[in-house]
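Here is the structure we will look at.
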Amino acid sequence: MNFSSSQVSGRRSPRVRAAAIGVTMCLGVTLAACGSSDSGSTAGSGDKVGVSLILKTLTNPYFVSMQKDAKAQAAKDNVDLTVAAGSSDGDTQTQITAIDNAISRGDKGILITTNGDAVNAALNRAKQAGLFVIALDTALNPASTADITYATDNEQAGKLDGQYAAAALDGKPAVIAMLDLFNNQVVSVDIQRDHGFLEGMGIDPGSKTENGKEAKSGKYTGGKGGTYTIACHQPTQGAIDGGRTAMENCLSANPDINVVYAINEPAGEGAYNALKAAGKEKNVAIYAIDGSCSGLKNVTSGKFAADAVQYPGKMAALGVSSIAKLARGGSKPSVTNGKSFYDTGTALVANKALGGLTVQSPGQAASACWGS
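In structure tokens form, the structure reads like this:
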């Protein structure tokens with residue numbers, strides 16, 4: 047999911063002209079009827095529909111949840127689901143191979159949580175061959191590389207955390223650690239969550255496209271308002287070890303940190319471990335994003351002050367169902383009104399409501415959590 051750098055634009059290549067021409071020619075026609083491969087015929091109601099689910103990795107419970115719910119939906123929709131995943135976050139070659147395999151099999155569509163822009167050319171080949179491409183969780187760059195994106199409004203998720211953080215401070219000075227995803231590439235989810243958190247606190251991010259461009263000190267206007275200092279922006283790679291190292295670096299830069307924004311729960315978990323080792327865990331509020339069952343337990347225990355939850359399994363299940371319907375002559379899925387993607391929802395989980403904000407308790411949110 048996210049970062050703090052201005053170095054690499056880590057997304058996708060432009061759609062080739064042939065793909066654009068193909069889409070134009072196919073207006074008003076079922077997507078499945080426009081390919082150059084076996085995916086070019088509309089499936090009968092009793093026919094199996096081939097769909098590929100291509101994930102970042104299968105080491106993160108977030109993506110394991112996608113696989114689980116996609117398989118369950120595939121069984122309901124008579125879908126032949128093929129699952130592939132990178133060996134690590136950033137492994138684009140494995141994803142490219144999986145895309146090419148989906149084309150060769152004659153699959154009707156691809157669901158993908160991309161590992162980087164290097165997959166774009168392969169996705170464009172898939173679209174030329176008549177496959178419908180759905181990005182899950184994170185929009186591609188450009189977003190039009192996919193036919194549609196199913197995702198959480200990541201900026202809103204960050205904003206919910208930031209609003210709660212501002213309310214919890216009750217006017218006290220904020221010394222903030224920003225634990226992002228990377229510092230050597232740009233991914234939309236990283237920008238959106240980071241900027242959303244700052245916006246929720248009432249701090250101008252200073253840029254639409256890069257992290258770390260906000261004023262390093264000033265006033266936050268959320269809650270009762272107060273002064274703030276940005277102690278650090280550190281990359282975590284979205285992992286526990288990365289979160290711990292990032293938090294250690296931040297404490298070295300400023301030992302007075304009292305607010306931690308974490309790109310996801312593993313980064314937040316690592317941050318907590320570093321704070322505990324330094325004897326500071328009781329005086330620092332950690333704000334995470336994900337909504338796993340273990341993350342909700344961290345809210346209950348007080349490790350996390352709040353967690354903005356999302357629903358990865360829902361994204362994948364809806365994607366499977368959409369491609370199955372489309373392959374059988376149904377209409378293309380559409381975006382949420384007023385947005386450029388289909389919003390699968392988010393909510394804020396905390397142990398108590400503050401500042402008039404709507405929150406769910408960990409117990410209320412547990413019915414929709416994922417992982418163990």
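Okay, so the sequence shown: first residue is 47 according to our numbering, each after it adds one. Each residue gets a CB set at the ideal place from its N, CA and C atoms; glycine is no exception.
| query | Is V169 near I145, with beta carbons less than 8 Å apart? | reply | Taking the sequence shown and counting its residues from 1, the one referred to as residue 169 is at position 123. Taking the sequence shown and counting its residues from 1, the one referred to as residue 145 is at position 99. Correcting the residue identity first, residue 169 is Leu in this sequence and not Val. Yes. Within cutoff.
| Assuming K349 contacts I332 under a Cβ cut-off of 8 Å, what Cβ separation, rounded to an integer in Å, is found between them? | Stepping through the sequence shown from its first residue, residue 349 is reached at position 303. Stepping through the sequence shown from its first residue, residue 332 is reached at position 286. Going by Cβ atoms, the distance from K349 to I332 rounds to 7 Å, so yes, they are a contact pair.
| said: Within 10 Å of its beta-carbon, does V125 have 16 or more other beta-carbons around it, so buried, or fewer, so exposed? | reply: Taking the first residue of the sequence shown as 1, we reach residue 125 at position 79. Classification of V125: buried, given that the 10 Å Cβ count is 16 or more.
| task | Run through the segment 244-299 for me and flag every whole beta strand (DSSP E) of 3 or more residues, listed as ranges in chain order. | result | Within the segment 244-299, the complete beta strand (DSSP E) runs of at least 3 residues are 263-266 and 272-281.
| Alpha-carbon spacing of I215 relative to D236, whole angstroms | For the purposes of this step, residue 215 is identified with residue 169 of the sequence shown, where counting begins at 1. For the purposes of this step, residue 236 is identified with residue 190 of the sequence shown, where counting begins at 1. A quick correction: the sequence has Leu, not Ile, at residue 215. If I take the Cα positions, the gap works out to 24 Å.
| In terms of residue numbering, what span does the alpha helix (DSSP H) encompassing I145 cover? | Translated into the one-based positions of the sequence shown, residue 145 becomes position 99. Per DSSP, the unbroken alpha helix (DSSP H) holding I145 starts and ends at T138 to R151.
| query | Just the Cα atoms here: how many angstroms apart are A412 and D183? | reply | Along the sequence shown, one-based indexing puts residue 412 at 366. Along the sequence shown, one-based indexing puts residue 183 at 137. If you take the alpha carbons of A412 and D183, they lie about 20 Å apart.
| task | Please report the Cβ distance between A324 and C296, rounded to the nearest whole angstrom; I am assuming they are in contact, meaning their Cβ atoms lie under 8 Å. | result | Here residue 324 is taken as the residue at index 278 of the sequence shown, counted from 1. Here residue 296 is taken as the residue at index 250 of the sequence shown, counted from 1. Not really, about 11 Å apart at Cβ, beyond 8 Å.
| said: For a quick check, are the C-beta atoms of A130 and A363 less than 8 Å apart? | reply: Counted from its first residue, the sequence shown places residue 130 at position 84. Counted from its first residue, the sequence shown places residue 363 at position 317. The answer is no: Cβ separation not under 8 Å.
| field | Segment contact, 8 Å Cβ cut-off, at least three pairs: the segment 145-157 with the segment 174-193 | value | By the Cβ criterion, the segment 145-157 is in contact with the segment 174-193, since at least three pairs of Cβ atoms, one from each stretch, lie closer than 8 Å.
| message | Cutting at 6 Å between CB atoms, please list the residues of its own chain near P301, excluding the five before and the five after it. | response | What you label residue 301 is simply residue 255 of the sequence shown in a count that begins at 1. Excluding positions up to five away in sequence, the list is empty.
| field | Cut-off 8 Å between Cβ atoms - residues of its own chain near G217, not counting five sequence neighbours on either side | value | To locate residue 217, count along the sequence shown from 1; it is residue 171. Around G217: G269, K270, G271 and G272.
| Since Y333 is in the beta strand (DSSP E), which residue starts that stretch and which ends it? | Numbered from 1 along the sequence shown, position 287 holds the residue referred to as residue 333. Here the beta strand (DSSP E) through Y333 covers A331 to D336.
| said: Taking the alpha-carbon of I156 as reference, which of G162, I142 and A164 has the nearest alpha-carbon? | reply: Residue numbering aside, residue 156 sits at position 110 when the sequence shown is read from its first letter. Of the listed residues, the one whose Cα sits closest to I156 is I142.
| Residues that Q406 bridges to, as DSSP identifies them | Looking up residue 406 in the sequence shown gives position 360. Q406 is bridged to V395.
| task | Report the three-state DSSP secondary structure of S413 (helix, strand or coil). | result | Along the sequence shown, read from residue 1 onward, the residue named residue 413 stands at position 367. Looking at S413 - three-state DSSP - the assignment turns out to be helix.
| field | Residues that Y307 bridges to, as DSSP identifies them | value | Translated into the one-based positions of the sequence shown, residue 307 becomes position 261. Beta-bridge analysis with DSSP links Y307 to M224 and Y333.
| query | Among S407, E315, G92 and A213, which residue has its Cα nearest to the Cα of L225? | reply | Position 179 of the sequence shown, counting from 1, holds the residue named residue 225. The option with the nearest alpha carbon to L225 is E315.
| query | Under the rule that 16 or more other beta-carbon atoms within 10 Å means buried, what is Q410, buried or exposed? | reply | Counted from its first residue, the sequence shown places residue 410 at position 364. When all chains shown are included, Q410 counts as exposed.
| query | Rounded to the nearest angstrom, how far is the Cβ of A220 from that of V305, given a contact under 8 Å? | reply | On the sequence shown, position 174 is the one that residue 220 refers to. On the sequence shown, position 259 is the one that residue 305 refers to. About 5 Å separates the two Cβ atoms, so the contact holds.
| said: Alpha carbons only, please: which of A352, P312 and A121 is nearest the one belonging to G92? | reply: As a working mapping, residue 92 is identified with position 46 in the sequence shown. Checking every option, the nearest Cα to that of G92 belongs to A121.
| query | Quick one: Cα of V233 to Cα of G242, how far? | reply | Here residue 233 refers to the residue found at position 187 when the sequence shown is read from its first residue. Here residue 242 refers to the residue found at position 196 when the sequence shown is read from its first residue. Taken atom to atom, the span from the alpha-carbon of V233 to that of G242 is near 14 Å.
| task | Measure the alpha-carbon distance for M293 versus Q280 and round it to whole angstroms. | result | Along the sequence shown, one-based indexing puts residue 293 at 247. Along the sequence shown, one-based indexing puts residue 280 at 234. Answer to the nearest angstrom: the Cα atoms are 8 Å apart.
| task | Whole angstroms is fine: what's the gap from G208's alpha carbon to A351's? | result | The sequence position of residue 208 within the sequence shown is 162, counting from 1. The sequence position of residue 351 within the sequence shown is 305, counting from 1. Taking the straight line from one Cα to the other gives about 11 Å.
| said: Quick check on the DSSP output: the beta strand (DSSP E) that includes D126 runs from which residue to which? | reply: In the sequence shown, counting from the first residue as 1, residue 126 sits at position 80. Boundaries of the beta strand (DSSP E) around D126: V125 to A131.
| Is it buried or exposed for G375, if we count other Cβ within 10 angstroms and need 16 for buried? | Position 329 of the sequence shown, counting from 1, holds the residue named residue 375. Exposed.
| field | Distance, A396 Cα to Y419 Cα | value | The first residue shown for the chain is 47 and the last is 418, placing residue 419 beyond what the model contains.
| task | Identify which residue in S338, G284 and E245 has its Cα closest to the Cα of K265. | result | For the purposes of this step, residue 265 is taken as the residue at position 219 of the sequence shown. Relative to the Cα of K265, the nearest Cα in the group S338, G284 and E245 belongs to E245.
| said: Could you pull the DSSP bridge partners for Y196 from this structure? | reply: The sequence position of residue 196 within the sequence shown is 150, counting from 1. Beta-bridge pairing links Y196 to L182 and Y388.
| Using a Cβ-Cβ distance under 8 Å, would Q283 count as near chain C? | As a matter of chain content, chain C is missing from the structure shown, which is built from one protein chain.
| Reduced DSSP category for L400 - H, G, I as helix; E, B as strand; rest coil | As a working note, residue 400 is residue 354 in the sequence shown. In the structure shown, L400 falls within a coil segment according to DSSP collapsed to helix, strand and coil.
| DSSP beta-bridge partners for G96? | Within the sequence shown, the letter at position 50 stands for residue 96. Answer is D126, bridged to G96.
| task | Rounded to whole angstroms, what's the CA-CA distance from L338 to A167? Just pull it up for me. | result | Numbered from its first residue, the sequence shown carries residue 338 at position 292. Numbered from its first residue, the sequence shown carries residue 167 at position 121. Correcting the residue identity first, residue 338 is Ser in this sequence and not Leu. Between the C-alpha atoms of S338 and A167 there is a straight-line separation of about 33 Å.
| field | Buried versus exposed call for S98 [16 or more other C-beta atoms within 10 Å across all chains shown] | value | The residue you call residue 98 lines up with position 52 of the sequence shown. So S98 ends up on the buried side.
| query | Tell me which same chain residues have a C-beta within less than 6 Å of the C-beta of L321, skipping the five on either side of it? | reply | Numbered from 1 along the sequence shown, position 275 holds the residue referred to as residue 321. If we look at L321 and ignore the five residues flanking it on each side, its Cβ neighbours are E327 and V330.
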